[in-house]
Amino acid sequence: MHYFLCLLLLMVGLFGALTQKNLIKIILSVAIIEHAVNTFLIMVGYRHDGTAPIVDRAQVAGSSFASGAVDPLPQAMVLTAIVISLGVLALMVAVAMRLYHTYGTYDITEIRKLRG
Amino acid sequence: MINLLTLVLIFMIIGAIISIWTTDLLSAIIAVGAVGFGSSVVFLLLRAPDVALAPVVVEVLMLVILIRATVGRDVHTIGSAREIFGLSVAAVLVLLLLAFAVHAIGGLPEFGEPVMARVADAPASYYLENGLSQTGSANIVTAVLLDFRGYDTLGEATVLFGAILGAMTLLRRKSRTDKPRQE
Amino acid sequence: MKETSTIVKTISRCVVGFIFLYGLYIVCYGHLTPGGGFTGGVILASAFVLEMLAWGKEEALKSLPFRLAKPFDSAGALAFLVLGLLGLLLGGDFFVNVIQKAYPGKPFSLFNAGIIPLCNIAIAIKVCASLFLVILVLSVLRVAAGGGTEDDLTTQEEE
Amino acid sequence: MRKISMFVVLYVVWCLLVFPYDRTTGQWDTQSLLVGLVAALVVVVLFGNALPDRSCFLLAPRRWFWALVYIPFFAYYCLKANLEVAYLVLHPDMPIRPGIVKVRTSLRTRVAITALANSITLTPGTLTVDADEDGTLYVHWIDVKFAEDDEATREIVSRFEGHLRRIFE
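Chains as they are written, first to last, in the numbering used here: chain A, 31 to 146; chain B, 346 to 528; chain C, 1024 to 1182; chain D, -15 to 153.
Dropping the structure here:
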C-alpha cells in the first residue's frame, strides 16, 4: 500500500516531466521524482516499531539494538542524494536561466523553433 | 501511525498533481515545496530523524533558488500542456511503467520488514552492531556516511562541487569574449 | 526594487546569529545526535541567505565576502580529501579512521570518533560556501537580466 | 559592549542546546563548554556588526522588569481582542468593516517599532501590513472604528507604546 502510493507519486512526476512544456515545470517534475525515490528508499529500510539508528546513552550497542533499529544504510544514501539533488537543481536552474537570457522564453517548443 | 503515514503520502501526491496541473508557476513551486515538507514528515514517521532534518532546510533554499528564477519575468502564467498525441503517449508510457513497478514491488518484503532482517550477514546489521565500538560515533548514519562508506561521501562532495562550478560558470555574466561592456 | 520593511530587517538581525549557532551545533554534534555536515552546512548557508534576502547583497557580502567564499568552497572539499588521504598514508587504506584507532575517545563525548567530526566540519564549510555562492550568483544574474551587465562580483574578485 | 552581550546570550543558548551536565554521573561536560566558547566566538566575529541597534538594553535589569510586566499586560489585551473577534464572527450579521488604517507612533528605534508591530499583529483583529522607519505603520483592521489617523492611533497604538518605550528606549 505504502509502496504503491510512493510509486504513484513517482509516476505523477514522470508524467509531468514528459508532458510539460515549460522548463521550470520540468525541473519541478524532476524534483517530485527525487522526493518519491527518496521516500521509497527510506521505506524499504523501515522496521515495524523500530528505533532510529542512533545509540542512546542509556542502552549499549549490541544485538538487542541491532535487531530493533531501522536500516541505517538507505538513510545514509538518501542523505547523500538529497544534497546532490540540491546541487543538480541549482545547475538545472542555471541552465534554464541562461536559456531564458538567450531566447527570452522558458517554453521548450519555442526554443526549439527559435534555434531553427 | 500507519494511517498518518498514508495521509501524508496522499497529501504529497495531491501536492504533486497540483504542481503539474496549475498554470501559475509560483503556485507550482510552492506546491512542490509542500511535497518536500511532506517527505520530511514521512522520514520522521519512518524513524529517520537524520534524513528528516535535511529536506526542511534544503526545501527552503530550493524555494529561494526557484523563485529567483521566476520572479521578475513575464512568465507567471504559462500555456496549456502539449497536444493530445503527446499526452496520450505519455499517459500510456506512465501506465505501462506503473504496471511493471507494481509487479516489481510484489517481490519486495512486506512493508515494515527490512531486507537486512532476511539476509544473514547483511552489511546493515554489521554497521548497527559494530558502529559504536569501531568508529565511536553514536549516530550510526553518520558512521556509515563518513567512516564505512567514505568513498560515497567523497564522490557526493565531488558531484556537488562540479554542479556548483557548472552553475557558477553558466551564470557568471556574458562570456568574456562578448562585446565589451559600455560605460 | 522595493526595500524590505523594518520588521523583516530587525527580526532577521536578531535571528540570524541564532540560526548560525544552531547550524554549528548540528555540525559539531553530528556524530552524537541527528544531523551532520550536510544538514548543518545547509543551515549555515541559510543564515547567510536570510541576511542577503532581508538586507540586500552588500550586507551579506560584508559578513562573507565573495573572494573569501570561493576559497572556503575549495578548502572544504580539499580538507575532506586530505582527511581521506591521511588514512591512506598512516593507516594503509583510504579513509581509515586513524585518529580513532590511535586515540579511542570515550563514547558519547564530543571529542570522539576520530576523523568523523573533522569530516563533518569540512563538509559543512564546503556545502555552506557553495550554496551561498550559487544563490549569490543567481541573484546577480537577475539584476543583469534587467538592464546591462552589472557585475560587481567580477570587479570585487579582481580587486 | 554589544558584542560581549551578544556573546553571553549566544553562549547561554548553546548551553541550553547541549545541556552539558550529566545528571547520572553529576559531571560537567567540559568539552562541550569549550566548543561552545569557540562557536559563540565564530558567530560574534561573523555577525557582530549585524546586531540590532542599541541591544545593550539586555544588560539593564530595569528593562527586564518592565518586559516581565509587559507579558500579562499584553495577554490581557490579547484576550480581550480575542473575545471581540469571536463576537464578530459569531454574530449573525457579521458586522465587520475591514480596511487599512495608517497610524503613527512616537517610538524611534527599530527594535521598538518592530516590537510594536509584532504586538499589533499578534493581537487578533489587527495586523501590521508594513512599517516605515519614521514610525508610520499600516495596519489592517477587521472592524475599522475610526478612519481618522489620530483616533485610530489612540485606539491601536497608544496602549502598547508606553510600555515598549520603557522596555526598549
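All C-beta atoms, glycine included, are put in the ideal place defined by N, C-alpha and C.
- For R494 of chain B, no beta strand (DSSP E) run applies, since DSSP gives it neither H nor E.
- Burial check for L440 of chain B: the Cβ neighbour count within 10 Å stays below 16, so the residue is exposed.
- Three or more beta-carbon pairs separated by less than 8 Å are not found between the region 374 to 386 of chain B and the region 1028 to 1045 of chain C, which leaves the two stretches without contact.
- Exposed is the label assigned to L453 of chain B, since fewer than 16 other Cβ atoms lie within 10 Å of its Cβ.
- Of all residues in the region 113 to 131 of chain A, only V113, L116, G117, A120, V123, A124, M127, Y130 and H131 place a beta-carbon less than 8 Å from a beta-carbon of chain C.
- One alpha carbon belongs to A126 of chain A, the other to P1057 of chain C, and they sit about 35 Å apart.
- Proximity of L30 of chain D to chain C, defined by a Cβ-Cβ separation below 8 Å, is satisfied.
- What V1150 of chain C touches in chain A, judged by beta-carbon distance under 8 Å, is V113, going in chain order.
- Any Cβ of chain A closer than 8 Å to the Cβ of G481 of chain B would place that residue at the interface, and such an atom is absent.
- Not flagged as an interface residue toward chain A: P1140 of chain C, since no C-beta distance is shorter than 8 Å.
- S1069 of chain C and G1063 of chain C have their C-alpha atoms spaced approximately 10 Å apart.
- Residues of the region 99 to 127 of chain D with a Cβ closer than 8 Å to any Cβ of chain C, in chain order: A101, N102, T112, D114, A115, D116 and E117.
- For S1028 of chain C, the closest Cβ of chain D is nearer than 8 Å.
- Cβ neighbours of L371 of chain B within its own chain (closer than 8 Å, five residues either side excluded): I412, T415, V416 and H421.
- Per DSSP, reduced to three states, the secondary structure at K143 of chain A is helical.
- For D395 of chain B, the enclosing alpha helix (DSSP H) has its first and last residue at P394 to T415.
- Residue environment analysis places I429 of chain B among the exposed positions, since fewer than 16 neighbouring C-beta atoms fall within 10 angstroms of its C-beta.
- For I374 of chain B, the closest Cβ of chain C is not nearer than 8 Å.
- A direct Cα-to-Cα measurement between E68 of chain D and S103 of chain D gives close to 17 Å.
- Put simply, the backbone Cα of A70 of chain D is about 33 Å away from that of S1035 of chain C.
- Between A24 of chain D and L(-6) of chain D, the CB-CB gap stays under 8 Å.
- Beyond the five residues adjoining it in sequence on each side, A449 of chain B comes within less than 6 Å, by CB distance, of no other residue in the same chain.
- Note on the region 21 to 97 of chain D: whole beta strand (DSSP E) runs with a minimum of 3 residues are 83 to 88, in chain order.
- Here T503 of chain B is exposed. Its C-beta has fewer than 16 other C-beta atoms within 10 Å.
- Rounded to whole angstroms, the Cβ separation of V1150 of chain C and V1065 of chain C is 6 Å, and the two are in contact under 8 Å.
- Within a 10 Å sphere around the beta-carbon of I140 of chain D sit 16 or more other beta-carbons, which makes this residue buried.
- The three-state secondary structure of T120 of chain D, taken from DSSP, is strand.
- Note on R392 of chain B: 16 or more other CB atoms within 10 angstroms of its CB, so buried under the neighbour-count rule.
- A distance below 7 Å between beta-carbons, with the five flanking residues on each side excluded, links A1152 of chain C to the following residues of its chain, in chain order: A1092, F1095, D1096 and G1099.
- For L25 of chain D, no CB of chain C lies under 8 Å from its own CB, so it is not counted at the interface with that chain.
- Counting C-beta atoms within 10 angstroms of its own C-beta, N52 of chain A has 16 or more neighbours from the protein chains shown and is therefore classed as buried.
- Take A399 of chain B, set aside five residues on each side of it, and no residue of its chain has a beta-carbon closer than 7 Å to its own.
- Separation of the CB atoms of G117 of chain A and A99 of chain A is rounded to 30 Å, and the pair is thereby denied contact status at 8 Å.
- Residues are counted here when their Cβ sits less than 7 Å from a Cβ of chain B; for the region 61 to 84 of chain A these are A61, I62, H65, N68, T69, I72, M73, V74, G75, Y76, R77, H78, G80, T81, A82, P83 and I84, given in chain order.
- Setting aside the 5 residues that flank it on each side, F445 of chain B has no residue in the same chain whose C-beta is closer than 6 Å to its C-beta.
- Residues of chain C with a Cβ closer than 8 Å to the Cβ of V(-3) of chain D are, in chain order, F1041 and L1044.
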